[in-house]
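Asker: Could you have a look at this structure, given as structure tokens, before my questions?
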Amino acid sequence: MDKYRAIVIFGPPGSGKGTQAKLFPKRYVHFSTGEMCRNVDTSTNLGKRIRERIDAGNLISDGMIVDLLKQNLKKSIESGGYDPNEQIILLDGIPRNPEQAVMISSFIDITAVISLEIPDEEIVKRLLKRAKIEGRPDDASEDIIRNRIKIYNQQTHEVLEMYLGSVIKINGLGTVEEVSARIFSSFSKKSSH
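Set out below in structure tokens:
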């Protein structure tokens, strides 16, 4: 196999990307860079650097994220969790900027992009609630949240421009089921063309 096939799910922090990704059928395998970073071993130098950047509300360097993704893909293939011949990758959190898009294009073929659209104020509300419920330090401060939204908006706009013909915009407000229904309805229309 030359390149791994993938769909990207975009949305600001707290937009429900991870929740929606889990609802995809088994032929899709979810790779969340946020999850990978949160679960990174902080006893390592890389883990410490990643944790420091997350706590400050900053993004991880492109090279570190791409390397982390490659490692996780390799581990998942070796453990039998991902079969590139049978399954499609569902990327969540990468590519976050044009540089990452170029870096991953050497080993990933992105066939569609789902963009969850949610107002900033709703994101702040969701993340503050999630911080209380899940004890997520990256969601605990409104200033950190607003910084994450600002960075997301600045960088993601450029990435979406790169995939313009493949972008499916979805209203991310409503229940999990309502958003999921919108995704699958739009996705099936797009893939039938």
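If you want my numbering, it's the position in the sequence shown, counting the first as 1, plus 41. From the three backbone atoms N, C-alpha and C, an ideal C-beta is built for every residue, glycine too.
1. Runs of 3 residues minimum, wholly inside the segment 108–190: which ones carry the beta strand (DSSP E) assignment?
2. Report the partner residues of F72 according to the DSSP bridge assignment.
3. For D150, which residues of its own chain have a beta-carbon under 6 Å away from its beta-carbon, when the five flanking residues on both sides are left out?
4. Run through DSSP, which three-state label would H234 get?
5. Output yes or no for whether 8 Å exceeds the beta carbon distance between T74 and I135.
6. Flag G134 as yes if its beta-carbon sits less than 8 Å from any beta-carbon of chain B, otherwise no.
7. Taking 7 Å as the limit between beta carbons, can you name the residues of its chain near E140, skipping five residues before and five after?
8. By the DSSP assignment, the beta strand (DSSP E) with K210 in it spans what residues?
9. Looking only at its chain, what residues have a beta carbon closer than 8 Å to the beta carbon of N99, apart from the 5 residues adjacent to it on each side?
10. Looking only at its own chain, which residues have a Cβ that is under 7 Å from the Cβ of F148, when we skip the five neighbours before and after it?
Answerer: Here's the rundown:
1. 129–133 and 149–158
2. L132
3. K44 and R46
4. Confidence at H234 is low in this model, with a pLDDT of 49, below 50, so its placement is unreliable and the value that follows should be read with caution. In this structure, H234 counts as coil in the three-state DSSP scheme.
5. yes
6. Of the protein chains in this structure there is only one, and it is not chain B.
7. D103
8. V208 to N212
9. N188 and I192
10. K44 and Y45
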